[in-house]
Amino acid sequence: FRLSQSSSKPVTSSSLAPSLPPLLAAYTPPEQPGSVVIATAVQSGEQSAAIDLIRSVRDRFNASLPLVLWDLGLTTADLMELSSGAKDGLACPSRWCRLRRFRFDLYPEHVSSRLDTRAYKPFAIGALLRRFGVVVWTDLGGPWPAGFSVGMSGLRPVLEDARAAGLQAWSFPPPTTAFTHPQTFELLNASLHDYRLHRMVSAAHLVLAASPFVHRRLLLPWSRCALRPACWLPAGSGRPFVVLGSGCRFGDIRPYFRYSGCHLYDTSALNVVLGRAYDFNVSAYSCDRKVFGYGLNDTDLANHFSIPGVDFDQLERSALPNEYVR
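In the working numbering, the protein residues as written are 23 to 348.
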């Protein structure tokens, strides 16, 4: 289906609410409940980053964990580049690496035309959770590491915590209100005021375990927002990796929790959903273990997420005491 672009009706909480694809309509236990998969999405121009991730998975896990690369419209030349590393064990597809083409025809136009918003992510993760018990998701193409700094022994405790809580993610200091357009709160039926002390986690790195709770409380509302442009990419929302300093004013306004003009799309919507799902208890799903990095010697937990030009630690130190995020 496609959303109509010709309607002159004002945007309301019900005017842009396409139904979910059948794949996510109801919870289905995974086919392999004890299994784990590493996954990402690859668009044209990200082949080099994808090959680096393939190398990282091979080196850290000895190819013992499957890797799924969602194809976001790769060209024939792109696919040839990904398959060219067979002699070095870096080709995909291979015995342990699979390419899956994302079915953009099932979703509204903005999912394919605005890949920078990563509106495909809830659906890609949801599809994998129908087969695998745990999905370890890592983004390509951002100012953060996509590869792993640990092997199976380092990843195992995080997998156990994800199975217990449903999710493990990595936090960064700003409160959710600072990086989320007010309209996203409205269309997710959430009170902006409740999130002023709600610390964000990044959607760049996620570990999700299949369960009725994760399906109903996380994936469904996150996916419904992704289907609606007014929720996922509200008009006037800033693009921090492109217009930082012009459209985004984070750090220049007080109090600390006020909307900065920076909207983080997948991360913003996810954090609104998480606040309601976990009753604003970020510690229930926030991970303090190092998993992703630029190599085995990378021990900096902070680089799980970053925005060029924004020093989160400095911003938090400069905030007033009663504006600290928890």
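Ideal Cβ placement from N, Cα and C applies to all residues, glycine included. Predicted model, so just to flag it, every value in this text is computed and none were measured.
Closest by C-alpha distance to A71, out of A168, P51, L112, is A168. In chain order, F207 place their CB closer than 8 Å to the CB of S213, counting only its own chain and leaving out the 5 sequence neighbours on each side.
Buried is the label assigned to S308, since at least 16 other Cβ atoms lie within 10 Å of its Cβ. Counted as a single uninterrupted DSSP element, the alpha helix (DSSP H) harbouring V294 occupies residues 288-299.
In the structure shown, S193 adopts extended strand secondary structure according to DSSP, grouped into three states. Ranked by Cα distance from V313, the options G176, G188, C247, A231 are led by G176.
Look at Q54 here: in three-state DSSP terms it is strand. No residue range can be given for W166, since it is assigned to no alpha helix (DSSP H) and is classified by DSSP as neither H nor E.
Unbroken alpha helix (DSSP H) stretches of 4 residues or longer found wholly inside the segment 218-256: 242-248, 251-254, given in chain order. In the DSSP annotation of this structure, the continuous segment of the beta strand (DSSP E) that includes V90 starts and ends at 89-93.
Bounds of any beta strand (DSSP E) do not take in R82; it lies within the alpha helix (DSSP H) bounded by 69-83. DSSP places R178 in the uninterrupted alpha helix (DSSP H) bounded by 174-187.
Under the criterion of beta carbons closer than 8 Å, F124 and A141 do not qualify as touching, at roughly 11 Å. In the pairwise beta carbon analysis, the segment 144-160 is classified as touching the segment 58-68: at least three pairs are separated by under 8 Å. In the DSSP annotation of this structure, the continuous segment of the alpha helix (DSSP H) that includes L104 starts and ends at 98-105.
Between S116 and F126, the gap from beta carbon to beta carbon reaches 7 Å or more. Burial state of A191 is buried, judged by a 10 Å Cβ sphere holding 16 or more other Cβ atoms. C-alpha of G317 to C-alpha of D74: approximately 11 Å in a straight line. In the three-state reduction of the DSSP assignment, A113 falls in the coil class, being assigned neither a helical nor a strand state. R82 and I76 have their alpha carbons spaced roughly 10 Å apart.
Excluding its 5 nearest sequence neighbours in each direction, P88 has C-beta neighbours in its own chain below 6 Å: V59, W118, listed in chain order. Per DSSP, L121 is one residue of the beta strand (DSSP E) stretching across 119-123. If you compare the alpha carbons of G163, P243, Y287 with that of Q69, the shortest gap goes to G163. Restricting attention to L150, A248, L121, Y281, the CA atom closest to the CA of D100 is found in L121. With distances taken between CA atoms, F279 lies nearest to H220 out of H220, D310, P52, R311. When DSSP states are grouped into helix, strand and coil, G283 belongs to the coil group. The C-alpha of V236 is placed about 26 Å away from the C-alpha of V172.
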